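Numbering (our numbering), first residue to last: -3 to 337.
The beta carbon of each residue, even a glycine, is placed where N, CA and C say it ideally should be.
A quick note: this is a predicted structure, and the numbers were derived from the prediction, not measured.
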Ligand code: FNR
């Protein structure tokens, strides 16, 4: 379908399904085991109702916000997802340039098609990017990559901590190939996490935290931020959604919201989903598959995805009676539920 016909984020998935080779679509789309978590990510929103307030002046719309101290034009970002080259020959460069032009955060995956240096060099002037890393059992590899990220200008590391030892078992992908890359460290502990902080001067943000307990742990260990994610349902099936984890944090460790920035992702396809996570206290919200799918249209597709989300955000926030994202964030009065107390 021509890009002009793309109206929402779901249209991008349909376009990708219709355009990509079956194996490539399956690689992006796949999730672990019965895909219970994958589906829960997409449907948790149905359990939420958003309150909107009248009698408010919403003429000053502001989506700008800081993430880890850097200013961005929107509170959503492009989450790390491997192998952008399966969607476009422009691969990660398309994502860098669309994000840079729009002033949003992109966090390339360490399993990208292009190299750390190439992705870093594609940045537009003053564009801030963070980089994702895995905990390889090969310490030399880890050290080398962290140095490459620093040299290429990345400002922080999202350290993925949710697939120690192995990847999830992903049926859709296994029907085409033997599965993902192995080699992650299975012996990763709190000590190892602390040691890692000595390997780089960049701030480290643990990504893939799936319980309130571990959110609290990261806060107590002094990390500047923590990233709640079930990896788009690709790791442990039946893991909770970010909404459920955030509700647990509210219930068990509400002080954490003042200690540490929290990012979240999983199944975000609409601005209403972004706003749900923001109201529950997330500082910024990632999208994985949607941006990978948008890349079948190249940079223009990625820009289109950003524009769609931006329009939905300004519209929905105005209709809800809070046009400033920094005032919206953490305001649980926007969530109509008795669970958030
Ligand atoms: C991912 N994700 C991921 N995460 C990570 O830390 N390192 C990685 O290399 C990848 N690779 C990857 C590939 C593909 C194809 C997908 C779909 C996802 C997980 C990603 O960062 C994010 O957590 C999820 O994609 C969020 O869920 P949605 O938005 O895809 O529903």
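heavy atom of the ligand FNR below 6 Å from residue i C-beta
| i | result |
| --- | --- |
| residue 160 | no |
Which listed residue (the options) has its alpha carbon closest to that of residue i
| i | options | result |
| --- | --- | --- |
| residue 209 | 246, 231, 69, 198 | 246 |
| residue 223 | 181, 207, 303, 113 | 207 |
| residue 226 | 56, 218, 235 | 235 |
| residue 27 | 96, 163, 71 | 163 |
| residue 143 | 267, 120, 133, 113 | 113 |
| residue 248 | 62, 284, 213, 188 | 213 |
| residue 67 | 141, 122, 302 | 122 |
| residue 52 | 329, 317, 197 | 317 |
| residue 168 | -1, 18, 320 | 18 |
| residue 319 | 54, 30, 2, 274 | 54 |
| residue 7 | 290, 106, 215, 294 | 290 |
| residue 219 | 195, 190, 15, 272 | 190 |
| residue 166 | 327, 23, 56 | 23 |
| residue 20 | 141, 82, 45 | 82 |
| residue 314 | 86, 119, 271 | 271 |
| residue 93 | 3, 240, 302 | 302 |
| residue 244 | 111, 211, 312, 259 | 211 |
| residue 86 | 118, 99, 58, 64 | 118 |
| residue 280 | 325, 295, 56 | 325 |
| residue 84 | 132, 287, 184, 131 | 287 |
| residue 237 | 44, 12, 3 | 44 |
| residue 282 | 332, 258, 29 | 258 |
| residue 194 | 181, 98, 138, 77 | 138 |
| residue 180 | 159, -3, 35 | 159 |
| residue 217 | 242, 322, 252 | 252 |
| residue 77 | 71, 31, 25 | 25 |
| residue 141 | 120, 111, 170 | 111 |
| residue 331 | 307, 295, 242 | 242 |
Anticipated Cβ contact below 8 Å, residue i with residue j, distance rounded
| i | j | result |
| --- | --- | --- |
| residue 154 | residue 201 | 5 Å |
| residue 80 | residue 61 | Not confirmed; about 25 Å, so no contact. |
| residue 69 | residue 262 | So it is not a contact: roughly 23 Å between Cβ atoms. |
| residue 293 | residue -1 | 5 Å |
| residue 277 | residue 228 | Their Cβ separation, rounded to whole angstroms, is 21 Å, which puts residue 277 and residue 228 out of contact at 8 Å. |
| residue 46 | residue 328 | Contact doesn't hold; Cβ gap of about 11 Å is too wide. |
| residue 233 | residue 33 | 5 Å |
| residue 150 | residue 96 | Going by Cβ atoms, the distance from residue 150 to residue 96 rounds to 13 Å, so no, they are not a contact pair. |
| residue 215 | residue 255 | 4 Å |
| residue 40 | residue 266 | Actually they do not touch by this definition, with Cβ atoms about 12 Å apart. |
| residue 73 | residue 91 | About 11 Å; that fails the 8 Å criterion. |
| residue 146 | residue 192 | About 14 Å; that fails the 8 Å criterion. |
| residue 64 | residue 152 | 6 Å |
| residue 106 | residue 128 | 6 Å |
| residue 57 | residue 310 | 5 Å |
| residue 103 | residue 131 | With 8 Å as the limit, residue 103 and residue 131 do not qualify as a contact, their Cβ atoms being about 16 Å apart. |
| residue 298 | residue 59 | Their Cβ separation, rounded to whole angstroms, is 17 Å, which puts residue 298 and residue 59 out of contact at 8 Å. |
| residue 2 | residue 300 | 6 Å |
Contact test: residue i Cβ vs the ligand FMN heavy atom, cutoff 6 Å
| i | result |
| --- | --- |
| residue 322 | This structure does not include the ligand FMN; its bound ligands are the ligand FNR. |
In chain order, which beta strand (DSSP E) runs of at least 3 residues are fully inside the segment -1 to 48?
At a cut-off of 3 residues, not a single continuous stretch assigned as beta strand (DSSP E) sits fully inside the segment -1 to 48.
Considering only heavy atoms of the ligand FNR and the C-beta of each residue, which residues fall inside 5 Å, strictly closer?
After applying the 5 Å Cβ criterion, the set is 24, 75, 76, 77, 78, 105, 107, 128, 156, 225, 227, 228, 261, 262, 263, 283, 284, 285.
Which parts of the segment 218 to 274 are runs of the alpha helix (DSSP H), unbroken and 4 residues or longer, counting only runs that do not cross its ends?
Contiguous alpha helix (DSSP H) elements confined to the segment 218 to 274 occur at 238 to 248, 252 to 255, taking only those with 4 or more residues.
Going along the chain, which unbroken runs of the alpha helix (DSSP H) with 4 or more residues stay wholly within the segment 175 to 220?
Counting whole runs of 4 or more residues, the segment 175 to 220 contains the alpha helix (DSSP H) stretches 186 to 192, 208 to 216.
To test your reading of the DSSP string, which unbroken alpha helix (DSSP H) runs of 4 or more residues are found completely within the segment 269 to 309?
Those alpha helix (DSSP H) runs which fall completely within the segment 269 to 309 and span 4+ residues are 285 to 290.
Suppose only complete runs of 4+ residues qualify. What are the alpha helix (DSSP H) ranges in the segment 102 to 178, listed by chain order?
Listed in chain order, the complete alpha helix (DSSP H) runs (minimum 4 residues) inside the segment 102 to 178 are 112 to 117, 135 to 147, 167 to 170.
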